[in-house]
Every structure is written in C-alpha cells, then in structure tokens.
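Q: Pasting in a structure now, in structure tokens, and then I'll have a few things to ask.
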Amino acid sequence: MTLSSAPLESTVWWAHTSAASERLLRLLDSEELARQSRFRLQADRDRHLLGRSLARLALAERTGCAPEKVTFDLRCRSCEEKSRTGADGHPEQGSGTAEQAPHGKPVPTGAARGWEISVSHSGEWVALALAREVPVGVDVERISDARDLDGLAGYTLADAEHEQWRALPEQGRAGAFFGYWARKEALLKATGLGLSGGLRRVSVSPPHTEARLLSWEGGGGPETAWLSDLDRGEKYRSALAVLTDRPVELAVHSPERTADLLRG
C-alpha cells in the first residue's frame, strides 16, 4: 500500500448541549470569552462554549499536550481572496476587512499545528471534526418544516438539484432539503469559504443516495473531496467533507464519550 492509497483518519465528536458547564470557561482564551459574553441567549452561549472547549480538549488529547497549549488563528478565505485581488478597498484607504472582528475558520496553532478542525452546531447538538494536515468540514442542521423551504431552495439548490427536490413527495422534502444543505455546507467549510462561497455553486448527489460532490461552478473548489453523511437522528441532517483523494477511515465518538472528555 502506498502513502497515497493509505486510509486517512478523521474523527467526529458529538456533544449535547446539556454537557455545557461554566467550569469549561477556563478553557477559553480572552477573545473567546469576550465573544461568549456577547451572546444574548443561553443556548447560543452553550453551543459556543462547547465548540471551543471541545476543540481544545480533543486536540490536547491527540497531541499529548495541556489544553492551554492549543491555540487557534481565525482565517477567512473569502476576505483573503478579496484582499489579494484588491476587492476590499483601496490599499491606501485601508481594507474593509481590517476593521472587522477576527472571524473565519479556526486553524490550530501552537502544539496542535498541522491539525485541521471544523465545528458546527444546530439545535441541541455540537459537532467537531478533526483531521491531520487535510482540510475538513462538518455541518449539522436541524430539520424545520416551519421555514420557507421553497424560498430557501431557490437560492440554495442548483437547477438540477431543485428539479430533483421538487419531484419528491411533499412529506419528504424538508429532510431532503437539509440533507442537501448539510452536504454543501460541509464542503464549503472544508475549503474555508463558508456560506459566502455560494451554496448554488456546489452540486452534490441527492440525499437519498451516496454522498458525492458532483460539480463546483467557478473558482475556489477542491480538486477532490471525500463526502459522507453522519447520523444524528431523524430530526437532524449532518455531513462530513475531507478534501483528500485518499480513502477515509471515520471514527465517531458518542455524546457519552464526549461528555467524559469534557468532564476530564
């Protein structure tokens, strides 16, 4: 077996919002604490706290270092592209992104340099994905029938996807729509573009079939990608994307295992 064909490991941790505890605040740095304080709703504070503390603890476990040795930079690929092309304003006038608060995909530094992470949350679940030296993206979406799915589908689904979605029985459209969304956003997060990359540009296989990236319009897309659905129960849709041409061995840690890590 050559290195190029050897399986690549990716790990997903699932955390339930009930695992949030104020004692985890000690794991956040000053910028993370400041952001934590700006959330008005307790549910948002819990999800943010779990995402950042879990990322630090999981990386510390993998690297064998203390959690405080794990640090992060935030990188927004969209802002970097705008800066590179001069689309964010005249250099002498200052860029439009320079005055923004730090944002974008967290990139591990310090003792965890070389690892890639992605965090997503929806409803009562937080997901963390890890991979070594390859971009990774995870997304979880709570299914909601109350939202304007027809309107959302118009700017989310590519033409062929929209046609396939409309052909589904009405009772199956909500789950299918959020299945499309989770697959697309996982891919966009893996590239570092996030939703600003444009969901309609990304075409994926229908949710009732094996997850695959079919096409990517315009620049910025990956040359190759491994894509898989994740199981988080019938009320959620979730997906994981790893930007590699190698097979991926996926390890998924249960909420109970995650709770043990958080307590430790």
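Here the sequence shown stands for residues 164 to 427, where the numbers follow our numbering. Note that beta-carbon positions come from the ideal geometry of N, C-alpha and C, so glycine has one too.
1. Does the beta-carbon of TYR343 have 16 or more other beta-carbons within 10 angstroms, so that it is buried, or is it exposed?
2. Evaluate THR319 with the Cβ neighbour count: other Cβ atoms within 10 Å of its Cβ, from every protein chain shown; 16 or more gives buried, anything less gives exposed.
3. So HIS371 is in the beta strand (DSSP E); what residue range does that whole segment cover?
4. Going by CA-CA distance only, name the one from ASP308, LEU390, SER366, LEU356 that's closest to GLY383.
5. Quickly, what does DSSP pair ASP394 with across the bridge? List them, please.
6. Identify which residue in SER391, LEU188, ARG363 has its Cα closest to the Cα of ALA292.
7. Starting from the C-beta of ALA321, find all residues in its chain whose C-beta is less than 6 Å away, skip the five residues before and the five after it, and write them out in chain order.
8. Is the CB-CB distance between GLY335 and ARG305 below 9 Å?
9. Just to check, is the beta-carbon of GLU333 closer than 8 Å to a non-hydrogen atom of the ligand HEM?
10. Express the C-alpha separation of TRP177 and VAL299 in angstroms, rounding to a whole number.
11. Note the first and the last residue of the continuous beta strand (DSSP E) segment covering ASP207.
12. For LEU377, count the other beta carbons within 10 Å of its own beta carbon; 16 or more makes it buried, fewer makes it exposed. Which is it?
13. Would you give the residue range spanned by the beta strand (DSSP E) that ALA402 belongs to?
A: By the coordinates alone:
1. Looking up residue 343 in the sequence shown gives position 180. Per the 10 Å Cβ criterion, buried.
2. As a first step, residue 319 is located in the sequence shown; it is residue number 156 there, counting from the start. When all chains shown are included, THR319 counts as buried.
3. Here residue 371 refers to the residue found at position 208 when the sequence shown is read from its first residue. HIS371 -> no beta strand (DSSP E), and no H or E assigned at all.
4. Residue numbering aside, residue 383 sits at position 220 when the sequence shown is read from its first letter. Nearest of ASP308, LEU390, SER366, LEU356 to GLY383, Cα basis: LEU356.
5. As a first step, residue 394 must be located in the sequence shown, where it is residue number 231. BP columns for ASP394 are empty, so no partner.
6. The residue given as residue 292 occupies position 129 in the sequence shown. If we check each option's Cα against that of ALA292, SER391 comes out closest.
7. Sequence index remark: in the sequence shown, residue 321 carries index 158 (1-based). Within the same chain, ALA321 has close Cβ partners ARG363, SER366.
8. Your numbering for residue 335 matches position 172 in the sequence shown. Your numbering for residue 305 matches position 142 in the sequence shown. Against a cut-off of 9 Å, the Cβ pair of ARG305 and GLY335 comes out as no contact.
9. Questions concerning the ligand HEM fall outside what the structure shown contains, since it holds no ligand whatsoever.
10. For this step, residue 299 is matched to residue 136 along the sequence shown. For this step, residue 177 is matched to residue 14 along the sequence shown. Those two C-alpha atoms are separated by around 16 Å.
11. Locating residue 207 in the sequence shown gives position 44, counting from the first residue. Per DSSP, ASP207 belongs to no beta strand (DSSP E); it is in the alpha helix (DSSP H), 205-226.
12. In the sequence shown, the residue the question calls residue 377 occupies position 214. Answer is exposed; the Cβ neighbour count stays below 16.
13. On the sequence shown, position 239 is the one that residue 402 refers to. First-last of the beta strand (DSSP E) with ALA402: 399-405.
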